[in-house]
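Heads up: the first sequence begins at 1 in my numbering, then just goes up one per residue.
For each residue, glycine too, the CB sits at the ideal point set by N, CA and C.
Below: the structure, in structure tokens.
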Amino acid sequence: MITTTITSSLRDALEDLGVTPQPTVINLEQPANKGHGDWSSNIAMVTAKNAGWAPRELATEITKKINSALPEGIESVTVAGPGFINFTLSPLWLHNVLLRVLEQGITQFGQTDLGQGKKVNIEFVSANPTGPLHAGHARGACYGDSIANILQAVGFDVEREFYVNDRGLQMNLFADSLLARKAGDQVPENGYGGAYVEEWAQKMPDGLSQEEALSWGCEHAKEDQRKTLEMIGIVFDMWFSESSLVDSDAIDHTIRALEEKEATYEKDGAKWLKSTDYGDDKDRVLVKSDGEYTYLTPDAAYHRDKFSRSDWLINIWGADHHGYIARMKAAMEALGHDPEQLTVTITQLVKLVRGGHEVRLSKRHGEVIELREIVEEIGPDATRFMYLLQSVDTKQTFDLDLAASKVMENPVFYVQMAHARLRSIQAKAETLEMWPLPVDNANLSLLTHQRELDLLRDLYNFADVVQLSARELAPHKIAIWLRELATSVHGFYHDCYVIGDGVSQELTNARLQLVEAARTGLVSGLNLLGVSAPNSM
RNA sequence: GCCCUCGUAGCUCAGGGGAUAGAGCAUUGGCCUCCGGAGCCAUGUGCGCAGGUUCGAAUCCUGCCGAGGGCGCCA
1 MITTTITSSL
11 RDALEDLGVT
21 PQPTVINLEQ
31 PANKGHGDWS
41 SNIAMVTAKN
51 AGWAPRELAT
61 EITKKINSAL
71 PEGIESVTVA
81 GPGFINFTLS
91 PLWLHNVLLR
101 VLEQGITQFG
111 QTDLGQGKKV
121 NIEFVSANPT
131 GPLHAGHARG
141 ACYGDSIANI
151 LQAVGFDVER
161 EFYVNDRGLQ
171 MNLFADSLLA
181 RKAGDQVPEN
191 GYGGAYVEEW
201 AQKMPDGLSQ
211 EEALSWGCEH
221 AKEDQRKTLE
231 MIGIVFDMWF
241 SESSLVDSDA
251 IDHTIRALEE
261 KEATYEKDGA
271 KWLKSTDYGD
281 DKDRVLVKSD
291 GEYTYLTPDA
301 AYHRDKFSRS
311 DWLINIWGAD
321 HHGYIARMKA
331 AMEALGHDPE
341 QLTVTITQLV
351 KLVRGGHEVR
361 LSKRHGEVIE
371 LREIVEEIGP
381 DATRFMYLLQ
391 SVDTKQTFDL
401 DLAASKVMEN
411 PVFYVQMAHA
421 RLRSIQAKAE
431 TLEMWPLPVD
441 NANLSLLTHQ
451 RELDLLRDLY
461 NFADVVQLSA
471 RELAPHKIAI
481 WLRELATSVH
491 GFYHDCYVIG
501 DGVSQELTNA
511 RLQLVEAART
521 GLVSGLNLLG
531 VSAPNSM
């Protein structure tokens with residue numbers, strides 16, 4: 001790694017100069033400003049004070065030392081600003097980046113073994129089986145699937161899981177609503193009044209009992225949700241049924257396990273969890289005075305089950321569930337699990353805008369935008385890319401008109417267009433029988449144009465971006481990187497003709513390799529987001 | 001009242017303690033005999049407020065202001 005070369009050269013220089021105390025770590029960063037080189041170290045500023053040096057003076061001495069025997073791959077070392085030491089890499093080194101990208105190809109580019117096969121279970125969407133998925137489920141769906149892709153790319157063994165709340169009060173209300181509609185009656189108080197209920201009721205067979213209607217409704221809803229998710233390329237490994245926890249007595253076992261840990265008590269005819277002992281701000285009821293479980297109890301049993309199958313649990317919940325995190329972690333800790341191995345990511349709300357106005361959602365009046373509608377309106381690629389372009393920590397404003405438009409301000413088209421252009425160059429080269437071409441036949445040292453080097457620098461960063469987005473569970477970093485790479489591709493396309501226009505055959509050959517490397521980057525990044533890379537637009 | 005997330009350009013958003021805070025769109029002006037002009041280049045404006053930590057803060061800490069969400073024996 002070039003960064004190791006740089007840090008060890010800094011370390012050697014510091015030792016040669018007899019600087020004490022020596023710094024424990026040497027950090028490098030990639031300056032935002034290209035004029036500051038490829039890598040920069042602040043080590044002189046960090047070390048100077050304790051070692052009794054002036055920062056700039058120390059930086060100058062270090063630079064002299066390194067310049068006296070410049071390591072391979074480094075073109076220059078300079079001092080700048082208050083004492084930064086800036087390293088510029090040689091084009092030769094960047095050409096090795098190209099070789100590595102081509103060697104790894106789309107299937108391996110950016111992949112690492114950070115996860116070392118650790119089993120991670122990602123639970124997301126988990127919508128109630130009482131109706132179609134709506135716009136509110138979309139962000140968590142795209143996000144969850146993308147971090148699943150990313151964690152797979154960095155070496156985790158990933159399971160995608162959907163928890164189905166197929167029992168309890170809401171399900172009973174749903175079944176009653178279907179039956180009422182079937183009989184031509186009004187839905188009961190607090191029932192489900194959406195238009196789809198009417199529609200589904202007509203499809204439901206006659207003469208079902210409440211239990212049968214519940215089961216039919218649940219299956220119908222699950223199937224509807226599964227199909228919608230498939231439209232945007234999301235396929236779950238596991239649909240976990242809440243009622244199966246009743247059948248297997250897992251809920252009672254969980255309560256007993258909590259009792260054995262003396263984490264429960266009885267009060268006012270109910271059974272409580274001493275969650276305050278584990279960091280929650282209130283104790284929580286497990287079994288109500290009427291003998292029913294609260295929502296927490298089956299969910300605790302469910303998480304206990306997941307811990308028996310996985311090393312690390314990730315839950316993706318909507319903003320309205322954040323208050324639930326502390327009690328779930330408390331329940332897991334009480335059961336003897338490490339709450340650190342349960343990560344809950346909260347996705348903030350999305351405001352939909354269409355025609356310049358906010359689209360108001362009112363579940364009560366059955367006015368919801370179904371996820372299916374969004375996908376049909378703007379397509380699966382735009383749906384995923386737009387939701388993933390922004391950090392889920394922030395409220396998002398989602399402009400449906402923009403996402404649907406096939407114009408340049410639509411970022412998904414901008415990125416996909418970059419890919420289509422590269423493919424069209426390759427297609428032309430294929431017609432002329434110039435491509436494919438083994439990379440050994442190309443003279444990469446001809447790639448010296450600023451646009452070409454920009455592309456190589458972007459490609460070099462990909463593995464780091466993937467790792468960072470995995471660590472922070474932040475797929476938007478991939479989306480941002482893709483947009484930057486696309487910018488470099490368009491610039492290259494504009495300024496560096498690959499075929500014709502007086503370009504020598506030798507340069508054409510070298511540039512064709514770069515085209516394939518850039519294409520590899522675009523496809524690899526888009527794959528992590530679950531967005532396609534079309535050959536033409 | 002308490003808890004969570006957020007507040008960056010006219011708009012939508014990036015910004016892993018560093019240098020002159022970045023993209024895209026919008027504005028204005030350039031660039032098409034040429035691999036797809038669905039593009040490229042140039043162009044002004046900004047870190048909610050006040051303290052603190054640090055050689056250095058948009059970033060970390062505290063308080064305040066503002067936005068959204070949550071504080072049930074609902075799910």
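Every alpha helix (DSSP H) of 4 residues or more that sits fully in the stretch 424-492 is shown, in chain order, as 450-471. Taking C-beta atoms as the reference points, I316 and G140 count as a pair closer than 7 Å. In terms of Cα proximity to T60, the closest of N33, K49, A13 is A13. By the neighbour-count criterion, in which 16 or more other beta carbons inside 10 Å mark a residue as buried, Y265 falls on the exposed side.
Beta-bridge partners assigned by DSSP to W312: V120. DSSP places S9 within a helical segment (H, G or I) once states are collapsed to three. For L342, the enclosing beta strand (DSSP E) starts and ends at 342-347.
One thing to note: A330 has its Cβ no nearer than 7 Å to the Cβ of G379.
By the beta-carbon neighbour count (other beta carbons within 10 angstroms, threshold 16), P438 is exposed. Close CB contacts of S177 within its chain, under the 7 Å cut and outside five residues either way in sequence, are with V187, P188, G191, Y192, V197 (chain order). Three or more beta-carbon pairs separated by less than 8 Å link the stretch 520-534 to the stretch 479-488, which places the two stretches in contact.
Note that the C-beta distance between N509 and A442 is below 7 Å. Residues of the same chain with a CB within less than 7 Å of the CB of S76, apart from the 5 flanking positions on each side, are T88 in chain order. Looking only at D464, E230, N149, the smallest Cα-Cα distance to I122 is reached by N149. Boundaries of the beta strand (DSSP E) harbouring Q396: 396-399, taken from the DSSP string. At a cut-off of 4 residues, the continuous stretches assigned as alpha helix (DSSP H) that sit fully inside the stretch 17-80 are 43-51, 55-68. Between L473 and the set W39, M1, V392, the nearest pair of CA atoms involves V392. Rounded to the nearest whole angstrom, the CA to CA distance from L400 to R354 is 5 Å. Assigned with DSSP and collapsed to three states, I147 falls in helix. Take H476, set aside five residues on each side of it, and the residues of its chain with a beta-carbon closer than 7 Å to its own are L388, L389, Q390, S391, in chain order.
Bounds of the beta strand (DSSP E) holding R284 are 284-287. Fully contained in the stretch 190-231 are the following alpha helix (DSSP H) runs of length 4 or more, in chain order: 195-203, 210-231.
A contact between stretches requires three or more CB pairs, one per stretch, nearer than 8 Å, and the stretch 292-304 meets this requirement with the stretch 250-269.
Counting other Cβ atoms within 10 Å of its Cβ, A69 stays below 16 and is therefore classed as exposed. Residue burial is scored here from C-beta neighbours: R284 has at least 16 other C-beta atoms within 10 angstroms and is therefore classed as buried.
Listed in chain order, the non-local C-beta contacts of L507 below 7 Å within the same chain comprise L446, local neighbours out to five positions each way being set aside.
Taking the Cα positions, R423 is about 54 Å away from V19. Beyond the five residues adjoining it in sequence on each side, K406 comes within less than 7 Å, by CB distance, of F413 in the same chain, given in chain order. When the five nearest sequence neighbours on each side are left out, the beta carbons in the same chain lying within less than 7 Å of the beta carbon of L514 are those of L98, L447, E452, L455, in order along the chain. Leaving aside the five residues that flank L349 on each side, the residues in its chain whose CB is nearer than 7 Å to its CB run, in chain order, A319, K395. Taking the CA atoms as reference points, L245 sits about 24 Å from G144. Only residues of its own chain outside the window of five on either side were considered, and among them H134, A135, L352, V359, L361 have a CB closer than 7 Å to the CB of I369, listed in chain order. Judged by DSSP secondary structure, L273 falls within the beta strand (DSSP E) whose first and last residues are 270-273. Put simply, of T63, A54, Q108, L371 the residue whose alpha carbon is nearest the alpha carbon of A517 is Q108. By the beta-carbon neighbour count (other beta carbons within 10 angstroms, threshold 16), D185 is exposed. Between G110 and R309, the alpha-carbon positions lie close to 28 Å from each other.
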